[in-house]
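Participant: The structure that follows is given in the form of structure tokens.
2 protein chains.
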Amino acid sequence: MRKNEKNFKIIRSPLALQRLSKKILAQGKSIGLVPTMGALHKGHISLVKKSAKSNDVTIVSVFVNPVQFGANEDFAKYPRRLQTDAKLCAESGADIIFAPSSKDMYPAPLQTYVRSAIENMYCGAYRPGHFTGVLSVVAKLFNIALPSNAYFGEKDFQQLHVIRKMAYDLNFPVKVIGAKTIREKSGLAMSSRNEYMSCEERVAASSIYAGMQEAKKMYKQGVNSVAKLKKIISEKIEEAGGKIQYIEMANKNDLVPVKTKISKAAVILLACYFGKTRLIDCDFLYYPR
Amino acid sequence: MRKNEKNFKIIRSPLALQRLSKKILAQGKSIGLVPTMGALHKGHISLVKKSAKSNDVTIVSVFVNPVQFGANEDFAKYPRRLQTDAKLCAESGADIIFAPSSKDMYPAPLQTYVRSAIENMYCGAYRPGHFTGVLSVVAKLFNIALPSNAYFGEKDFQQLHVIRKMAYDLNFPVKVIGAKTIREKSGLAMSSRNEYMSCEERVAASSIYAGMQEAKKMYKQGVNSVAKLKKIISEKIEEAGGKIQYIEMANKNDLVPVKTKISKAAVILLACYFGKTRLIDCDFLYYPR
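In the order they appear, the protein sequences are chains Y and S.
Okay, so the first sequence: first residue is 11 according to the working numbering, each after it adds one.
Okay, so the second sequence: first residue is 11 according to the working numbering, each after it adds one.
Okay, structure coming up:
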């Protein structure tokens, strides 16, 4: 048994956690926060381990945030399994799981929102209100858990970007740390939503990574046309039976769209469907190549 | 010389203040924050004294926030006199003045905003973007100064309300404390903008308070019609040469407009012009009367 498993705590009340976090900070200790919606996979666990390595106390929040889901999205069916999650967190070095109810987080209708100027681009164009829901709940989690460091996966790169920019713009005393996307052997990015897929769909969905790898290869060989690189990826996904929602290239630093040619470090952002499951992924085109 | 005058500090850098505030908190001390735009008057000073009484360290921020001014408003002419302000703060028990430049506060274009659902009501209807600018800068100030308690005047009651709601909605670890409006002998609410007025206008502007007092008297005598109470106030102001921008009645607790009859604790909210000077004020209609 690791040391953490002994004193591991599940906390439900925002106020109780905030009080505890204040005490921890008043002792001069550092807090790492890993915000999640639960149904933890290896991607999340890599974040927990990263936090446990660099902080005195690691808090994992498990909260399926209703405010970031659209009316026709998968809020109701999103997987929930707190006990399994808690065990995984304890084994990975976390000290506290924060698992509030919706009522705990939204005791009254929200009248204050944190919004990003790029909330309607990329994924945001297809999920109205999503990033407002994300930023508002992350602001809440930052204020409740009072972390020195907060950890997010790179897979949802737009999310990582708007959160990092929020912390910068609003001077949160929090360092936002991105971590590499963890993939299955097939290349499929780990996601709690992968569970929605049949075996066949999961195999087919590995075409996302294959497409991005192919595009990266062509880019390295000198192809810098955005249209061509997008075509390489979309063909690969569509051949496997996927349906593209969007593929875009953007500057890695500021997420400004790249329209014609890659001329500095860029990120491929995409969303597509395999069956009814919406998947997102991203990869980087470095510069100079 | 009071003890504070010796160690009194002016800090310009957000990062330097944030570091200092973290140290103060790590010593188990409490911080009070009084956010201002400078040109301090007795209203501000009452907030500083209130903070100094209840907190180990009092920080007064002095920042004329460009983001909360409209294009045709008085950003350029708003009075600025930091040395006088600093002296007043030190004498009143403050420990630190935080006086950043616009560049310090907005080193890059802001892409993240804090917005209120009632940002387009009352004053917000006439000052598009104003409350977004206010909430965003107050969120920044909370994150930089890390106060346990923050103090605001009641005169701008909508501002106090949206800030209090922001702290609640986003779980800021800050208690938002409102303080009574301080008035000149004539009844005119203290405001840095009173300096814009001629002596004649200042005398005439005392009709705002007189009108509200008259309405409160009539309310106590049984008049609960919003239309009648508004008329009493507007007539008084207009007789004195003022120009009404708006007069509204709202529930004191949630700022929901009261359309016809006062039936619980309400607040009178108004804005009007004397000459070119826009003034705001508020007063309360208690219930039961």
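In this text, a Cβ means the ideal position worked out from N, Cα and C, and glycines have one as well.
To the nearest whole angstrom, what separates the beta carbons of Ile154(S) and Asn130(Y), a pair I think is in contact under 8 Å?
Facilitator: The pair is not a contact, with the Cβ atoms about 29 Å apart (cut-off 8 Å).
Participant: Answer yes or no: does any C-beta atom of chain S fall closer than 8 Å to that of Lys262(Y)?
Facilitator: No, Lys262(Y) does not count as interfacial toward chain S.
Participant: By the criterion of Cβ-Cβ separation under 7 Å, what are the contact partners of Ser126(S) in chain Y?
Facilitator: Gln121, Thr122, listed in chain order.
Participant: Determine which residues share a DSSP beta bridge with Asp291(Y) and list them.
Facilitator: Leu280(Y), per the DSSP bridge assignment.
Participant: To which residues of the same chain is Met228(S) closer than 8 Å at the C-beta, ignoring the five residues directly before and after it?
Facilitator: For Met228(S), where only same-chain residues beyond five positions count, the Cβ hits under 8 Å are Lys238, Leu239, Ile242.
Participant: Which runs of the beta strand (DSSP E), 3 residues or longer, sit entirely within the segment 199-277 of chain Y?
Facilitator: Entirely contained in the segment 199-277 of chain Y, the beta strand (DSSP E) runs reaching 3 residues are, in chain order, 253-261.
Participant: List, in chain order, every chain Y residue whose beta-carbon is nearer than 7 Å to that of Ala36(S).
Facilitator: Correct list: Leu35, Ala36, Gly38.
Participant: Would DSSP call Arg174(S) helix, strand or coil?
Facilitator: Correct three-state label for Arg174(S): helix.
Participant: Candidates Gln223(S), Gly252(S), Lys274(S), Val70(S): which alpha carbon is nearest Leu303(S)'s?
Facilitator: Residue 303(S) lies beyond the residue range present for chain S, which begins at 11 and ends at 299; the question has no answer from this structure.
Participant: Is DSSP giving Pro45(Y) helix, strand or coil here?
Facilitator: Residue state, collapsed to three classes: strand.
Participant: Measuring alpha carbon to alpha carbon, tell me which residue in Tyr297(Y), Ile55(Y), Lys175(Y), Ile257(Y) is nearest Val233(Y).
Facilitator: Cα-wise, what sits closest to Val233(Y) is Tyr297(Y).
Participant: Helix or strand or just coil, what does DSSP make of Lys52(Y)?
Facilitator: Here Lys52(Y) sits in helix by DSSP.
Participant: Tell me which residues share the same chain as Ser111(S) and place their Cβ nearer than 8 Å to its Cβ, disregarding the 5 neighbours each side in the sequence.
Facilitator: Around Ser111(S): Arg22.
Participant: Let me make sure I understand the geometry here. Which of Gly252(S), Lys60(S), Ser201(S) has the alpha-carbon closest to that of Gly221(S)?
Facilitator: Ranking Gly252(S), Lys60(S), Ser201(S) by Cα distance to Gly221(S) puts Gly252(S) first.
Participant: Since Met176(Y) meets chain S, which of its residues come closer than 9 Å, beta carbon to beta carbon?
Facilitator: Gln121, Thr122, listed in chain order.
Participant: Is it buried or exposed, Gln78(Y), if we count other Cβ atoms within 10 angstroms and call 16 or more buried?
Facilitator: Answer is buried; the Cβ neighbour count reaches 16.
Participant: Quick one: what's got a C-beta closer than 6 Å to Phe152(Y)'s C-beta in the same chain, skipping five residues either side?
Facilitator: So the qualifying residues of the chain are Phe182, Val184.
Participant: Run down chain Y in chain order and give the residues with a C-beta less than 8 Å from the C-beta of Ile377(S).
Facilitator: Nothing about residue 377(S) can be read from this structure; chain S reaches only from 11 to 299.
Participant: Once you ignore the five residues that flank Ser31(S) on each side, which residues in its own chain have a CB closer than 7 Å to its CB?
Facilitator: Same-chain partners within the cutoff: Ile41, Ala155, Leu156.
Participant: Please return the same chain residues whose Cβ sits closer than 8 Å to the Cβ of Ala260(Y), not counting the five positions on each side in sequence.
Facilitator: Within the same chain, Ala260(Y) has close Cβ partners Tyr132, Val266, Pro267, Val268, Ala276, Val277, Leu279.
Participant: Does DSSP put Ala127(Y) in a helix, a strand or coil?
Facilitator: The answer is coil: DSSP assigns Ala127(Y) none of H, G, I, E or B.
Participant: Consider the Cβ of Phe141(S): report whether some Cβ of chain Y lies at a distance smaller than 8 Å.
Facilitator: Cβ-Cβ to chain Y under 8 Å: no for Phe141(S).
Participant: Near Ala104(Y), what residues of its chain come up, given a Cβ to Cβ distance below 6 Å and the 5 sequence neighbours on each side ignored?
Facilitator: Val58, Thr68, Val70.
Participant: Using a Cβ-Cβ cut-off of 8 Å (strictly less than) and excluding sequence neighbours within five positions of Lys150(S), which residues of its own chain qualify?
Facilitator: Hits under 8 Å: Pro24, Met115.
Participant: Enumerate, from N- to C-terminal direction, the unbroken alpha helix (DSSP H) stretches of 4 or more residues contained entirely within the segment 92-138 of chain S.
Facilitator: You should have 92-101, 112-115, 133-136.
Participant: Answer yes or no: the CB of Asn234(S) versus the heavy atoms of the ligand ZN, is any distance below 7 Å?
Facilitator: Among the components modelled here there is no ligand, and therefore nothing to report on the ligand ZN.
Participant: Tell me, please, whether the CB atom of Ile254(S) is closer than 8 Å to any CB atom in chain Y?
Facilitator: Closer than 8 Å: no.
Participant: Put Val184(S) into one of helix, strand or coil per three-state DSSP.
Facilitator: It is coil, neither helix nor strand.
Participant: Let me confirm a value: Met11(S) is counted as buried when at least 16 other C-beta atoms fall within 10 Å, else exposed. Which label applies?
Facilitator: A caution first: Met11(S) carries a pLDDT of 43, below 50, which makes its placement in the model unreliable, though a value can still be read off. Met11(S) comes out exposed.
Participant: Looking only at its chain, what residues have a beta carbon closer than 6 Å to the beta carbon of Tyr123(S), apart from the 5 residues adjacent to it on each side?
Facilitator: Contacts found: Thr142, Ser146.
Participant: Name the one or two DSSP bridge partners that Arg193(S) has.
Facilitator: DSSP output for Arg193(S) lists Ala199(S) as bridge partner(s).
Participant: Just the Cα atoms here: how many angstroms apart are Ser202(Y) and Cys282(S)?
Facilitator: Answer to the nearest angstrom: the Cα atoms are 56 Å apart.
Participant: Using 8 Å as the limit for Cβ to Cβ distance, is Asp179(Y) near chain S?
Facilitator: Cβ-Cβ to chain S under 8 Å: yes for Asp179(Y).
Participant: Under 8 Å between C-beta atoms, does Pro183(S) make it to chain Y?
Facilitator: Answer yes: the Cβ-Cβ gap between Pro183(S) and chain Y drops below 8 Å somewhere.
Participant: Leaving out the 5 sequence neighbours to the left and right, which residues in its chain are closer than 6 Å to Arg125(Y) when beta-carbon positions are compared?
Facilitator: Only Thr142 meet the Cβ criterion.
Participant: Taking only beta-carbon atoms, is Ala160(S) less than 8 Å away from chain Y?
Facilitator: So no, Ala160(S) is outside the interface.
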